[in-house]
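All remarks here apply to the structure that follows.
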Amino acid sequence: MKIWKSEHTYDHPWETVAKAAWRKYPNPINPAVLGTDVIERKVVKGVLHTHRLVASKWPFPKWAESMIGPTNICYASEYSFVDPRERQMTLKTRNLTFGSVMAVDETVTYMPHPEDSNKTLQKQEAIVTVHGMPLESYMESFMANKISMNASKGRQAIEWVISKLQEEMKVITSNAIHNTDDLINFTKKSLHQVTHSVEDISIVTKKSIEDLQKLQNTPQSVPSA
């Protein structure tokens with residue numbers, strides 16, 4: 001059995017990192033992960049429970065394939081729990097492919113950093129167990145190193161997603177400002193038109209009143225007998 005652990009701090013609040021973790025795959029940083037499919041999702045006592053199927057490509061060396069078989073697409077089962085009140089997100093993943101000879105149990109937790117609530121602490125642990133095949137210890141070390149490399153790519157992917165989220169927010173804000181400006185300009189134009197219309201009506205009304213007064217003041221001729 002091989003145990004691998006890691007901690008990392010993001011200079012972003014928990015809400016931002018948790019949102020990025022949901023949109024982590026696929027990404028150009030680690031193209032080995034092809035995507036995810038939601039199997040089940042429910043809310044229990046305010047905690048979001050999600051079960052996803054993760055598809056990825058794990059290129060094994062020839063010597064490993066000779067023992068565990070050829071690899072194309074590997075599948076893993078992921079259970080996640082998001083508690084917005086406690087501001088904690090936990091993901092637990094286990095491989096389905098090669099499950100008869102290998103077990104890779106990975107846990108990732110995101111929480112506010114205990115020393116700075118505006119930052120997020122990520123704790124990651126993987127337990128690799130290989131059994132029923134030659135070179136078990138060597139295979140466990142190989143998998144642990146692979147997980148370490150992917151973890152580094154995963155952290156970069158989180159930052160990449162966060163930058164995408166920030167770009168999207170800028171576009172939304174820009175569109176909102178543009179739409180607001182258009183609304184203000186339209187309102188000003190409408191008020192200007194209404195003002196002119198009122199002035200025109202006032203002029204016409206005044207002229208009509210003056211014409212009526214002139215008509216009333218004009219002496220009427222008496223017809224001759």
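For the sequence shown, the positions run 1 to 225 when the UniProt record's numbering is used.
We put the beta carbon where it would ideally sit given N, CA and C, even for glycine.
Starting from GLU115, trace the alpha helix (DSSP H) both ways and give me its first and last residue.
Taken as a continuous stretch (DSSP letters only), GLU115 belongs to no alpha helix (DSSP H), as it is neither H nor E.
Does the stretch 116–128 come close enough to the stretch 46–55 to have 3 or more Cβ pairs within less than 8 Å?
No, because fewer than three Cβ pairs between the stretch 116–128 and the stretch 46–55 fall closer than 8 Å, the two stretches do not touch.
Among VAL82, MET149, GLY69 and ASN175, whose alpha-carbon lies nearest the alpha-carbon of THR91?
According to the sequence as given, residue 91 is Leu; it is not Thr. Per the Cα distances, VAL82.
Who are the Cβ neighbours of ARG100 in its own chain at under 7 Å, not counting the five residues just before and after it?
The sequence given here places Ser at residue 100; Arg does not occur at that position. Cβ within range, chain order: n/a, list empty.
C-beta neighbour in chain C for LYS164, strict 8 Å:
The structure shown contains no chain C, having only a single protein chain.
At least three beta-carbon pairs within less than 8 Å, the stretch 144–157 to the stretch 24–43
A contact exists between the stretch 144–157 and the stretch 24–43.
Assuming the contact rule is C-beta atoms closer than 8 Å, THR9 and LYS119 should be a hit. Round their C-beta distance to whole Å, please.
That belief holds up - the Cβ atoms of THR9 and LYS119 are roughly 6 Å apart, short of 8 Å.
In the DSSP assignment, the beta strand (DSSP E) including MET89 goes from what residue to what residue?
Note, MET89: beta strand (DSSP E), 88–95.
Could you have a look at TYR79 and say whether DSSP puts it in helix, strand or coil?
In the displayed model, TYR79 falls within a strand according to three-state DSSP.
DSSP three-state label for LEU183, please.
Reduced to three states, the DSSP call for LEU183 is helix.
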